[in-house]
Amino acid sequence: MNLNINLACLAIFIAFSLCINTLAYGGKQDNWDVYGLNGEVHMNVGLVESPCSLDIASSSTEIDLGSITQRQLNKAGRHSTSIPVHIMLNDCMFNNNVRSTTHGDNLYFIQSQPSVMLKIFGDEDQDEPSLFKIYGDNEGVALRIEDMEHKAIHPGEPSRPQLLLPGRNDLVLYVQLSRTTKPLSAGAFRAVINIELEYN
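Using UniProt numbering, read the sequence shown as starting at 1 and increasing by one per residue.
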C-alpha cells in the first residue's frame, strides 16, 4: 500500500513537472522572443515564363558602321552596306501554344514551335518615320534596321516572327544608313536603340 502511494506521488510529481516545463517553455522553443536568435526575410517574386535566356554578350552591343562615303548615299532612298548584328538566345524550350501571325502573311511556322518577335525602340526620324533618328554632325541620313529576311523593322513595331529551335538560337538583324530627303552633310553620328523580345 505504501509503494502504491509513493508511485502515485511520483506520477503526480512528474505530471506536475511536465506542466510547469510546458508553461515555462511553451511558445519559446523557437527562440522567437530572444534577441539575436531569429530574423525575418520578406520576398517579392514575380514568376515569368520565358522560353529562352538572353546571352550575356548580347545584352549590350556596340555596332561600328565604319566610314561611309557621301557618294554611296547620293540619292534619297539609297542605303549603305548592311552590318549584321547577332542576338544570341540560350536554353530555348518548346511550349504547346497555338500561334498565328500578326502581319496577315501565310502561316510559316508549325504548331507548338515557339517564335519570337523583336520590337525596337528608338526615336523616329522626322522626315522618314520608318527609320531611326541619329544624332551628330551630319544630316540627310537615318538608321535602317532589317530582320534576317531583310524586311525593314519600324520604330516601336514588332518584327515578323522568327522561329526558335530548342537550345541556342541566333537572331540576326541588319543595320545600315539610309538616305532621307534632307540635304546630305558629312559628320560623325550616334544612335541608341532598345530591343524588346516578345515570345509567342
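Heads up, the beta-carbon is just placed ideally off N, CA and C, and yes, glycines get one too.
Quick caveat, the model's predicted, so the values are computed rather than measured.
query, result
"For A191, the nearest candidate out of L89, V116, L164, F132 (CA to CA)", "F132"
"Exposure label - Q162; buried when at least 16 CB within 10 Å", "buried"
"Reduced DSSP category for Q72 - H, G, I as helix; E, B as strand; rest coil", "helix"
"Residue environment, L165, which counts as buried when at least 16 other CB atoms sit within 10 Å", "exposed"
"N- and C-terminal bounds of the beta strand (DSSP E) containing M117", "115-121"
"Own chain, CB closer than 7 angstroms to L73, minus 5 neighbours either side, in chain order", "S80, V141, L177, R179, L184"
"DSSP-derived helix/strand/coil call for I56", "helix"
"Nearest-angstrom Cβ-Cβ length linking D127 and T181, presumed shorter than 8 angstroms", "5 angstroms"
"Residues of its chain near A152, where Cβ-Cβ distance is below 8 angstroms and the 5 sequence neighbours each way are ignored", "S130, R144, I145, E146"
"Per-residue burial, P114 [other beta carbons within 10 Å of its own, 16 or more giving buried]", "buried"
"Other residues of its chain near H150: CB distance less than 8 angstroms, five sequence neighbours each side excluded", "S82, Y174"
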